[in-house]
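Below is one structure; the comments refer to it alone.
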Amino acid sequence: MFMILMFLGTIISISSYSWINIWIGLELNLLAFIPVMNYDNFKYSSESSLKYFLVQVSASTIILFSFINSFFSFYNIENLDSISMNLFNSAIFMKMGAAPFHFWYPEVIEGLSWINALILMTWQKIAPMILIMYNFKMNLFFILFILMSMMIGSLKTWNQTSMKKILALSSINHIGWMLGMMMLNQSLWLIYFIIYSLISFNMIFIFNKFKIYNIKNLFNLMNNNKSMKFFFFLNFLSLGGIPPFLGFLPKWLILKTLIENEFIFIPMMMIFITLICLYIYIRLMIQSMLIKMNEKKMIISNKIYYVNFLNWLNITGLIIFTLILNIY
């Protein structure tokens, strides 16, 4: 029931033209997601749900204030003045955890189960991203959010040992990439979002099944099947955007579009910042493949066909999606 209300809240927000309906949809989504966060009785889910509630209520208050501030000059979202629009966009960035309003995001995800963390990193971004898309204007305000999200998402990953925080900070980095795509093409960010969601689902599915919460647990993953372990860790390279993996496709489309439109500085910064994430992912992969732990190994059946399928999709996805794009 709460999942249905959560989906309904998102649909109301993204399909509404009136500001009051947008606000109602966001609040319905929030109130429905709070019970979902506590449903599985995870160790710190109550604390995380309280943090999430306080941040979301604060952002909703700012959204309401931005609407009231321009009440006599607009009825719909497209007629907000510049100050109110910046307030509205800042509140939306706070709702989805973009830098510099990211302070709550890793901490909340750390206290959730893997499934709820996946929902927060994927579905809960849909409404905020589409609302940003409706009023995205290429200016310094958005460029700062893009670069800050990418930089903070990369640099703060450097000394993390929790897998949830690593993926949460990676999610902040990917927000920057999706916003970068909106600069020139307001629909191609959906391709990025879908591919990011597929890769995240693949990784979180494995982490949830085998109770992987930190780097130490990661070292013991699939030690009885080195080939499967190797192919699973290729997901990290795909998440970082290395060819020939699926994650390279959306980043290539973004960089290609920016360069074709004579944006040089922003693509250079995006590539440089992403190299930091790649170093962290490669370090995780090498350490997990080479370091031997004295603890009991995780015994995994070789007949986990869905794991093999997801890894195969990640490896061959670039070829498949490239063919589809060339056809259409």
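If you're matching positions, the sequence shown starts at 1 in my numbering and goes up one per residue. Beta carbons are placed, not taken as given, at the ideal position from N, Cα and C, and that holds for glycine. On a predicted model such as this, the values are computed, not experimentally measured, just so you know.
Q.
Determine whether the beta carbon atoms of residue 48 and residue 97 lie at a separation below 8 Å.
A. Stepping through the sequence shown from its first residue, residue 48 is reached at position 48. Stepping through the sequence shown from its first residue, residue 97 is reached at position 97. With respect to the 8 Å criterion, residue 48 and residue 97 are not classified as neighbours on the basis of their beta carbons.
Check your understanding: Count the other CB atoms within 10 Å of the CB of residue 128; is the residue buried (16 or more) or exposed (fewer)?
Key -> Taking the first residue of the sequence shown as position 1, residue 128 is located at position 128. Classification of residue 128: buried, given that the 10 Å Cβ count is 16 or more.
Cα-Cα separation, residue 140 to residue 183: Indexing the sequence shown from 1 puts residue 140 at position 140. Indexing the sequence shown from 1 puts residue 183 at position 183. One C-alpha to the other measures close to 11 Å.
DSSP three-state label for residue 214, please. As a first step, residue 214 must be located in the sequence shown, where it is residue number 214. Correct three-state label for residue 214: strand.
Q) What are the uninterrupted segments assigned as alpha helix (DSSP H) that are 4 or more residues long and contained completely in the region 7–77, given in chain order? A) Counting whole runs of 4 or more residues, the region 7–77 contains the alpha helix (DSSP H) stretches 19–38, 45–69.
query: Is the beta carbon of residue 188 within less than 7 Å of some heavy atom of the ligand ADP?
result: Ligands are entirely absent from the displayed structure, and the ligand ADP is therefore not among its contents.
Residue 91 to residue 55 span [Cα, whole Å] | Within the sequence shown, residue 91 is the residue found at index 91, counting from 1. Within the sequence shown, residue 55 is the residue found at index 55, counting from 1. Our two residues, residue 91 and residue 55, have alpha carbons roughly 10 Å apart in a direct line.
**Study point:** Which of helix, strand or coil DSSP assigns to residue 162
**Key:** Your numbering for residue 162 matches position 162 in the sequence shown. If DSSP states are grouped into helix, strand and coil, residue 162 belongs with the strands.
At what residues does the alpha helix (DSSP H) containing residue 240 begin and finish? Here residue 240 refers to the residue found at position 240 when the sequence shown is read from its first residue. 226–240 is the extent of the alpha helix (DSSP H) around residue 240.
Excluding the 5 residues preceding and the 5 following residue 196 in the sequence, name in chain order all residues of the same chain whose CB lies nearer than 6 Å to its CB. Reading the sequence shown from its first residue, position 196 is the one you call residue 196. So the list reads 174, once near-sequence residues are dropped.
| field | Segment limits, alpha helix (DSSP H) that includes residue 117 | value | As a first step, residue 117 must be located in the sequence shown, where it is residue number 117. Counting along the chain, the alpha helix (DSSP H) containing residue 117 begins and ends at 114–121.
Exposed or buried, residue 17, counting other C-beta atoms within 10 Å across all chains shown (16 or more means buried)?
-> Walking along the sequence shown from the start, residue 17 turns up at place 17. Exposed, because fewer than 16 other Cβ atoms sit within 10 Å of the Cβ of residue 17.
- Message: So residue 99 and residue 149 are supposed to be a Cβ contact under 8 Å. How far apart are they, rounded?
- Response: Position 99 of the sequence shown holds residue 99. Position 149 of the sequence shown holds residue 149. The pair is a contact, with the Cβ atoms about 4 Å apart (cut-off 8 Å).
Review point. Which runs of the alpha helix (DSSP H), 4 residues or longer, sit entirely within the region 133–182?
Key: 140–155, 163–182
Give the DSSP-derived three-state secondary structure of residue 297 in the structure shown.
Locating residue 297 in the sequence shown gives position 297, counting from the first residue. For residue 297, the predicted model reports a pLDDT of 48, less than 50, meaning its position is unreliable; a value from the coordinates is still stated below. Three-state result, residue 297: coil.
Measuring only the C-alpha atoms, how far is residue 134 from residue 85?
Taking the first residue of the sequence shown as position 1, residue 134 is located at position 134. Taking the first residue of the sequence shown as position 1, residue 85 is located at position 85. Approximately 11 Å, taken between the alpha carbons.
| query | Pick from 119, 312, 233, 256: whose alpha carbon is nearest that of residue 283? | reply | By one-based count along the sequence shown, residue 283 stands at place 283. Comparing Cα positions, the closest option is 233.
Does residue 220 come out as helix, strand or coil in the three-state DSSP assignment? Position 220 of the sequence shown, counted from the start, is the residue given in the question as residue 220. Of the three classes helix, strand and coil, the one that applies to residue 220 here is coil, per DSSP.
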